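*Asks:* Take this structure first; my questions come after.
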Amino acid sequence: AQSVTQLDSQVPVFEEAPVELRCNYSSSVSVYLFWYVQYPNQGLQLLLKYLSGSTLVKGINGFEAEFNKSQTSFHLRKPSVHISDTAEYFCAVSEVGGNQFYFGTGTSLTVIP
Amino acid sequence: KAGVTQTPRYLIKTRGQQVTLSCSPISGHRSVSWYQQTPGQGLQFLFEYFSETQRNKGNFPGRFSGRQFSNSRSEMNVSTLELGDSALYLCASSWGQGGDSPLHFGNGTRLTVT
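From first to last, the protein sequence lines are chains W and E. Going by our numbering, 436 is the number at position 19 of the first sequence; the sequence numbering is gapless. Going by our numbering, 407 is the number at position 114 of the second sequence; the sequence numbering is gapless.
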C-alpha cells in the first residue's frame, strides 16, 4: 500500500504571496498523482493530475505542480494566492495498473489579508 | 453533466440506530467509492464498487456495508451506530477501472450520532 505524506498540516500565507504545499509518496513503482481542494461544507474538487508526460502540470485556479520521480514528490505551487484560495488541500496517489487511491492527511491553507 | 449527488446532506441519528446513505454517480461512471472524513483521521477509505462488484474494502468493521445497483447508484449502510461514526461521508465516482481515472466527489452527507 502507498503512503502519502503532507508534511505541513497548516500553512498561513499573506495574500498575493507565493505558496508551496508539499506532498511525498512512498512508492517505487509508477504512479498517477492528483491534487484536490476542499472548500468548507463541500466535497473534494480536482485541481490537477499527473498521468504521464511533462512533469510540470498546470491546473485550475492558477495552481501548478511538479512531479519529481527521484524524490517521490509532487509539490503544489501558486505564485500569488488570493483570499478565495483558503481551503483544505489533499494530495492523492494511485499506482499504475492499480485501482486504489491513497490520500494524504491534508494541508489547511489560510490566506491572510 | 450533473455531478455526484449524495442524499441526504445532513442526518442526525441516535446511538444504536442504523442509517442508509445514497450516492448517484456522474452519468457514465461505473466506479463508486466511499470515504469517511473526520477532523482527526482525515479521509478514510471505506469501499469501492465497480459494475456492482466490491473491488476494494478499507479497514472498517462489518457494521459498515455498501452495495451498487445496475444503474451504478450506490448506497452505504451503517448499523448499530456509535458516537464515533459521526463524520462527513463522501462518495466519489470515476469513469474507468484504473487509477488513472480521477475521482469526482459529491458534497457529502454529514452524519451526527447522538
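All residues carry an ideal CB built from backbone N, CA and C; glycine is no exception. Since the model is a prediction, treat every value here as computed from it, not as a measurement.
Would you grab the beta carbon distance between residue 483 of chain W and residue 492 of chain W for me? Rounded to a whole angstrom, and I think it's under 8 angstroms.
*Replies:* Confirmed, about 6 angstroms.
*Asks:* With H, G and I counted as helix, E and B as strand and the rest as coil, what does DSSP make of residue 374 of chain W?
*Replies:* Since the displayed chain W opens at 418 and closes at 530, residue 374 of chain W lies outside it and no answer follows.
*Asks:* Does the Cβ of residue 475 of chain W have 16 or more other Cβ atoms within 10 Å, making it buried, or fewer, making it exposed?
*Replies:* Exposed is the call here.
*Asks:* Please tell me whether residue 516 of chain W has its Cβ less than 9 angstroms away from any Cβ of chain E.
*Replies:* Yes, residue 516 of chain W lies at the interface with chain E (some Cβ there is under 9 angstroms from its Cβ).
*Asks:* Which of helix, strand or coil does DSSP assign to residue 478 of chain W?
*Replies:* Residue 478 of chain W falls in the helix class under three-state DSSP.
*Asks:* Do we get a CB-CB distance below 9 angstroms when we pair residue 485 of chain W with the residues of chain E?
*Replies:* Not an interface residue.
*Asks:* Quick check: the Cα distance between residue 344 of chain E and residue 464 of chain W, rounded to an integer number of angstroms?
*Replies:* For residue 344 of chain E and residue 464 of chain W, the distance between alpha carbons rounds to 27 angstroms.
*Asks:* Any residues in the segment 336–355 of chain E with a beta carbon nearer than 8 angstroms to a beta carbon of chain W? Which ones, in chain order?
*Replies:* Within the segment 336–355 of chain E, the qualifying residues are 336, 338, 341, 343, 348 and 349.
*Asks:* Which of the three DSSP states, helix, strand or coil, is assigned to residue 336 of chain E?
*Replies:* In the structure shown, residue 336 of chain E sits in a strand (DSSP, three-state: E or B).
*Asks:* Just checking my contact of residue 518 of chain W with residue 396 of chain E at CB under 8 angstroms: how many whole Å lie between their CB atoms?
*Replies:* So it is a contact: roughly 6 angstroms between Cβ atoms.
*Asks:* Would you decide whether residue 354 of chain E is buried or exposed? Buried here means 16 or more other CB atoms lie within 10 Å of its CB.
*Replies:* Counting Cβ neighbours within 10 Å, residue 354 of chain E comes out exposed, since fewer than 16 surround it.
*Asks:* Taking only beta-carbon atoms, is residue 506 of chain W less than 9 angstroms away from chain E?
*Replies:* Not an interface residue.
*Asks:* Is residue 513 of chain W near residue 435 of chain W, with beta carbons less than 9 angstroms apart?
*Replies:* No, these two residues do not count as a Cβ contact at 9 angstroms.
*Asks:* Of the residues W/507, W/437 and W/422, which one's Cα is nearest the Cα of residue 429 of chain W?
*Replies:* Ranking the options by Cα distance to residue 429 of chain W, first place goes to W/437.
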